[in-house]
Amino acid sequence: MAPLTVLFATRRILGIDPGLRVTGFGLIVSIGGRLQYVASGCVRNTGGELPERLKIILRDIGSVIVEHHPTEVAIEKVFVNANPQSTLLLGQARGAAISAAVLAELPVAEYTALQIKQAVVGHGKAAKEQVQEMVRRLLSLSVAPSADAADALACAICHAHGGEGLHGLRRGRIL
């Protein structure tokens, strides 16, 4: 019997949970619907002017791309916050992360937090702890990743399953 890598295309998916203070990232490999953890972490900004923070996100996500060679990127969409200024700032952080992917000529897919939570947990109003635990289980990790890294990994998992995740499994479409 041929190994899975011969029968199915290998996808290296970088998930990104953008934030101006903390941007989570997580890389998984998807082979024929089977998921494998590769790496995760956070880009942390401790302060400074906005342009400097955006530069750090662009540079560090670019470094993750160079180090891990993803074939595609999935990123969480911006949600409209009660504070319009916060929404605009988050959008700029997201733009810096997307720019790193585009500079590397990688395709970028976008998912809402609702889509990601539905795909990974089964409902869109899941708590952060539920997302962390499901990511731990789905990727067979010994400990749950940090909240930001778990959100990024969840975004990658959502993308690996075509945005359907557990719902697709229930209908027998993803295996």
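Just so it is clear: in the sequence shown, position 118 is 338 by the working numbering, and no numbers are missing. We treat Cβ as the ideally placed atom computed from N, Cα and C, and that holds for glycine. A quick note: this is a predicted structure, and the numbers were derived from the prediction, not measured.
Check: Please classify L247: does DSSP put it in a helix, a strand, or coil?; Outcome: strand
Check: Suppose the cutoff is 8 Å on Cβ atoms and the five residues either side in sequence are ignored; what does the same chain contact list for L386 look like?; Outcome: For L386, the predicted model reports a pLDDT of 44, less than 50, meaning its position is unreliable and no value from the coordinates is stated.
Check: For Q312 and G252, I'd like the C-alpha separation in whole angstroms.; Outcome: 35 Å
Check: Which whole-angstrom value describes the C-beta separation of N358 and I336, a residue pair presumed to lie in contact below a C-beta threshold of 8 Å?; Outcome: In the sequence on display, residue 358 carries Leu and not Asn. Not quite, the Cβ-Cβ distance comes to about 12 Å (not below 8 Å), so this is no contact.
Check: Could you check if F299 is buried or exposed, using at least 16 other CB atoms within 10 Å of its CB as the buried criterion?; Outcome: exposed
Check: When DSSP labels each residue in this structure, what does T230 get in the three-state scheme?; Outcome: strand
Check: Let's see if you can read the secondary structure: which residues bound the beta strand (DSSP E) around L255?; Outcome: 254-264
Check: Which residue's Cα is closest to the Cα of F318: A347, P238, H288?; Outcome: Note on residue identity: the sequence assigns Ile, not Phe, to residue 318. Checked all of A347, P238, H288; the closest Cα to I318 is P238.
Check: For A329, which three-state DSSP category applies?; Outcome: strand
Check: Taking contact to mean at least 3 C-beta pairs separated by less than 8 Å, is the stretch 278-285 in contact with the stretch 365-381?; Outcome: no
Check: I'd like the ranges of any beta strand (DSSP E) spanning at least 3 consecutive residues and lying wholly in the stretch 298-368.; Outcome: 328-331
Check: So, for G235: in the same chain, excluding its five sequence neighbours on each side, which residues have a beta-carbon less than 6 Å away from its beta-carbon?; Outcome: G246, A294, A372, L373, C375, A376
Check: Using DSSP's beta-bridge definition, name the partner residues of E292.; Outcome: I233
Check: Find out if the Cβ-Cβ distance for the pair K297, R314 is shorter than 9 Å.; Outcome: yes
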